[in-house]
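Right, one structure below, let's go through it.
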Amino acid sequence: MEFLVGAVLALTISALATVVGLDRDRAFYPTLTIVIASYYGLFAVIGGSLHALMLESVGIAAFLLLSLIGFRFTLWCVVAALVGHGVFDWFHGSLIADPGVPSWWPMFCLAYDVVAAAYLSGLLAFSRIAAGSNGVMQQAKEFSHRIRP
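Residue numbering for the sequence shown follows our numbering, starting at 46 and increasing by one per position.
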């Protein structure tokens with residue numbers, strides 16, 4: 046059930062972001078990835094474990110860095126970060142003893158991560174959004190030429 050809910054929620058949120066236009070901004074998926082990664086830190090605080098928080102912070106920092114690199118250079122790094130976080134979810138219980146993590150969370154988050162990564166990779170593959178930051182600059186130049194008399 047956790048896998049199904051995570052997958053459906055990821056697909057729904059991603060599709061809504063496309064319909065409304067939120068994902069036209071390159072920052073959408075990197076920000077989403079940073080928030081996703083930060084939940085394990087929240088769970089460590091809820092569980093009252095400073096040791097778990099320190100360990101979770103290492104993972105959070107890694108996904109934060111990959112998300113920022115993805116934002117700056119290519120959103121394919123964000124796809125990798127989302128898939129990587131799904132793998133992290135799979136092994137999380139074996140790596141970090143975090144008493145605040147709900148038993149259903151790793152499966153839910155894994156499904157969400159993988160579906161969001163697949164959706165983003167589809168957007169990139171079909172050129173619905175620009176993968177690289179130079180695409181943003183090119184779009185800005187084209188827009189400025191269209192509005193000039």
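Cβ coordinates follow ideal geometry from the N, Cα and C atoms, glycine included.
Check for me: the alpha helix (DSSP H) holding Met152 runs from which residue to which? Taking the first residue of the sequence shown as 1, we reach residue 152 at position 107. Where Met152 is concerned, the enclosing alpha helix (DSSP H) stretches over 150–170.
Specify the secondary structure class of Gly177 as computed by DSSP and reduced to three states. Taking the sequence shown and counting its residues from 1, the one referred to as residue 177 is at position 132. Residue state, collapsed to three classes: strand.
Rounded to the nearest angstrom, what separates Ala156 and Gly129 at their Cα positions? Within the sequence shown, residue 156 is the residue found at index 111, counting from 1. Within the sequence shown, residue 129 is the residue found at index 84, counting from 1. The straight-line gap from Cα to Cα measures roughly 12 Å.
Can you tell me where the alpha helix (DSSP H) with Thr78 in it begins and where it stops? Within the sequence shown, the letter at position 33 stands for residue 78. Start and end: 73–91.
Please confirm if the region 137–152 is in contact with the region 71–82, defined as three or more CB-CB distances below 8 Å between the two stretches. no
When DSSP builds the beta bridges, which residues end up paired with Thr119? By 1-based counting over the sequence shown, the position of residue 119 is 74. Gly177.
Please report the straight-line C-alpha distance between Ala175 and Gly66, rounded to a whole angstrom. Taking the sequence shown and counting its residues from 1, the one referred to as residue 175 is at position 130. Taking the sequence shown and counting its residues from 1, the one referred to as residue 66 is at position 21. Approximately 14 Å, taken between the alpha carbons.
Helix or strand or just coil, what does DSSP make of Ile141? Sequence index remark: in the sequence shown, residue 141 carries index 96 (1-based). Residue state, collapsed to three classes: coil.
Quick one: residues in its chain with C-beta nearer than 8 Å to the C-beta of Leu98, no 5 flanking neighbours on either side, listed in chain order? Locating residue 98 in the sequence shown gives position 53, counting from the first residue. Contacts found: Gly86, Ala89, Val90.
Any idea what DSSP makes of Ser59, helix, strand or coil? As a position in the sequence shown, residue 59 is number 14, starting the count at 1. Helix at Ser59.
Taking 8 Å as the threshold (C-beta atoms), are Ser112 and Val123 in contact? Looking up residue 123 in the sequence shown gives position 78. Looking up residue 112 in the sequence shown gives position 67. Cβ distance < 8 Å, so Val123 and Ser112 count as in contact.
Please classify Trp150 as buried or exposed, where buried requires at least 16 neighbouring CB atoms within 10 angstroms. Locating residue 150 in the sequence shown gives position 105, where the first residue counts as 1. Counting Cβ neighbours within 10 Å, Trp150 comes out buried, since at least 16 surround it.
Cα-Cα separation between Phe116 and Leu109, rounded to whole angstroms: To locate residue 116, count along the sequence shown from 1; it is residue 71. To locate residue 109, count along the sequence shown from 1; it is residue 64. Computed Cα separation, rounded: 10 Å.
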